[in-house]
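Peer 1: Attaching a single structure in structure tokens format; questions to follow.
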Amino acid sequence: MIAVGTIQIGKFYRKRAVIKPCLIVGSGFHSWVLGHQNTALSSWNTLIDETAQVLQVSRPSQTLPPVLRWERLLESAIDNGYKRASDSGHWILAKAGQANAVEADAKLAVKEVLRRHHQNYPFQSTKSQFILDEIFGTVISLNFDNCWTDPRNFTYDPGLFGHKKTELTEVEEKRLYCFVKSNNHPLTRVWFPKGSVNDPSTIRMGLYDYGSQPNALKEAFKLVKSYEKDTLKSDEVIDWKKYEESFEEASLNHSEPGKETDYRINHWVAHFLYRPIYFAGVGLSTDESGLWWLLAQRARNHSRLPYGERPKTVILVHADTYSREFWANRPFGVEPLVCDNWEFGWEELLARASKRREHPGMF
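For the sequence shown, the numbering used here begins at 3 and goes up steadily by one.
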């Protein structure tokens with residue numbers, strides 16, 4: 003359902019869109035659905051271990067952080083050879099492949115691992131359908147997979163990739179614009195900032211991938227601010243409330259011929275910056291520098307609004323891992339929603355997200 007209100011213009015009334023919240027999910031979503039924290043869907047270390055099995059290379063030591071484990075896996079594949087994760091299953095001889103080709107094959111192995119888990123995923127369960135609740139205007143998934151939908155009933159949309167109007171690399175442009183939607187829930191788009199199994203080249207695993215992230219985020223932010231500046235000059239957009247309405251209406255036109263959403267906001271970063279956002283199954287550690295940078299820009303963008311009227315930024319955390327000293331500071335406006343039980347926590351998050359701001363405020 004699209005949330006709407008009415009505004010009077012002379013003798014006529016027209017419907018206006020009310021901005022809906024954004025759900026941001028991480029690997030903890032799969033832990034909640036499956037009741038298990040150590041599957042390849044919910045643990046990066048397990049994913050790397052199973053990828054090593056597909057490639058038939060030794061598993062990197064878990065004393066290393068996951069990003070460095072990935073780099074060690076690539077080194078091992080180059081030094082010792084590996085089995086390609088394809089129908090042919092050819093063995094690639096030691097030192098026979100270029101580093102970028104080996105990494106591309108390793109990402110195909112990641113896709114194969116996640117495909118196997120997708121086959122046995124309870125995508126029809128109530129929990130897995132949480133991600134498609136139409137309370138949310140959009141979803142940002144920090145995972146690579148789309149296990150939450152029927153593998154025969156989803157659409158992978160390349161978005162506006164190829165319009166050649168950005169300074170982004172080809173892969174970073176795909177990460178910014180591409181999304182997935184269930185054909186049963188066409189209004190809910192799920193974006194993949196870290197890449198998607200639907201295009202393995204986009205999967206963000208190693209240092210090369212993470213090295214290109216900061217520049218990509220800055221470029222996306224510049225696009226959003228360019229659109230914002232132009233739109234706020236409009237005679238019809240007189241305050242922030244009107245701007246939010248304008249953004250929501252524009253984002254709904256993403257697939258309507260002749261009314262495509264402006265490419266400057268038709269991506270996940272724009273939704274992250276403008277919508278009320280709710281993190282669930284996301285640790286949001288200080289290692290997530292990209293997300294923290296965007297949270298800082300978001301806080302600056304809303305700093306001219308009265309505090310109580312700024313879009314909410316909420317994160318669901320468990321009492322066992324809750325750092326009172328850290329979250330008491332509410333960094334960049336992030337409010338912790340603490341739960342003792344994940345079942346009740348996810349339910350409470352949905353209830354919080356359902357509440358609407360009556361007065362988004364004015365600049």
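Cβ atoms here follow ideal geometry from the backbone N, Cα and C, with glycine treated the same way. For clarity, every value in this text was computed on a predicted model and none was experimentally measured.
Quick check: the segment 100–110 against the segment 202–210, are at least 3 beta-carbon pairs closer than 8 Å?
Peer 2: Because the criterion of three Cβ pairs below 8 Å is met, the segment 202–210 and the segment 100–110 touch.
Peer 1: Can you tell me whether residue 337 is helix, strand or coil according to DSSP?
Peer 2: In the structure shown, residue 337 sits in a strand (DSSP, three-state: E or B).
Peer 1: Please classify residue 65: does DSSP put it in a helix, a strand, or coil?
Peer 2: It is coil, neither helix nor strand.
Peer 1: If residue 75 sits next to residue 62, beta carbons under 8 Å apart, how far is it from one beta carbon to the other, in whole angstroms?
Peer 2: Their Cβ separation, rounded to whole angstroms, is 5 Å, which keeps residue 75 and residue 62 in contact under 8 Å.
Peer 1: Kindly list the residues whose CB is nearer than 6 Å to the CB of residue 25, restricted to its own chain and excluding five residues on each side of it in sequence; keep chain order.
Peer 2: The residues are 138, 141 and 280.
Peer 1: In angstroms with no decimal places, state the Cα-to-Cα distance between residue 172 and residue 330.
Peer 2: Distance between the alpha carbons of residue 172 and residue 330 is about 40 Å.
Peer 1: Kindly indicate the opening and closing residues of the beta strand (DSSP E) around residue 184.
Peer 2: Per DSSP, residue 184 belongs to the beta strand (DSSP E) from 181–184.
Peer 1: Assuming residue 150 and residue 125 are in contact, meaning their beta carbons sit under 8 Å apart, how far apart are those beta carbons, in whole angstroms?
Peer 2: Going by Cβ atoms, the distance from residue 150 to residue 125 rounds to 6 Å, so yes, they are a contact pair.
Peer 1: So, at 6 Å on beta carbons, what are the nonlocal neighbours of residue 104 in its own chain, with the 5 sequence-adjacent residues on each side left out?
Peer 2: Closer than 6 Å at Cβ, skipping near neighbours: 76, 79 and 80.
Peer 1: If we ignore side chains and look at the alpha-carbon of each, how far apart do residue 185 and residue 167 end up?
Peer 2: About 29 Å.
Peer 1: Considering only residues of the same chain and omitting the five flanking positions on each side of residue 132, which have a CB-CB separation below 7 Å?
Peer 2: If we look at residue 132 and ignore the five residues flanking it on each side, its Cβ neighbours are 348.
Peer 1: Does the segment 47–63 touch the segment 269–288, meaning 3 or more C-beta pairs lie closer than 8 Å?
Peer 2: Cβ pair count under 8 Å is below three, so no.
Peer 1: Give the secondary structure of residue 403 by DSSP, where H, G and I count as helix, E and B as strand, and everything else as coil.
Peer 2: The chain is shown only over 3 to 365; residue 403 falls outside these bounds and no answer can be derived.
Peer 1: Quick one: what's got a C-beta closer than 7 Å to residue 353's C-beta in the same chain, skipping five residues either side?
Peer 2: Same-chain partners within the cutoff: there are none.
Peer 1: Is the Cβ-Cβ distance between residue 267 and residue 282 less than 8 Å?
Peer 2: No, Cβ-Cβ distance for residue 267 and residue 282 is not below 8 Å.
Peer 1: Please report the Cβ distance between residue 269 and residue 212, rounded to the nearest whole angstrom; I am assuming they are in contact, meaning their Cβ atoms lie under 8 Å.
Peer 2: With a Cβ gap of about 19 Å, residue 269 and residue 212 do not count as contacting.
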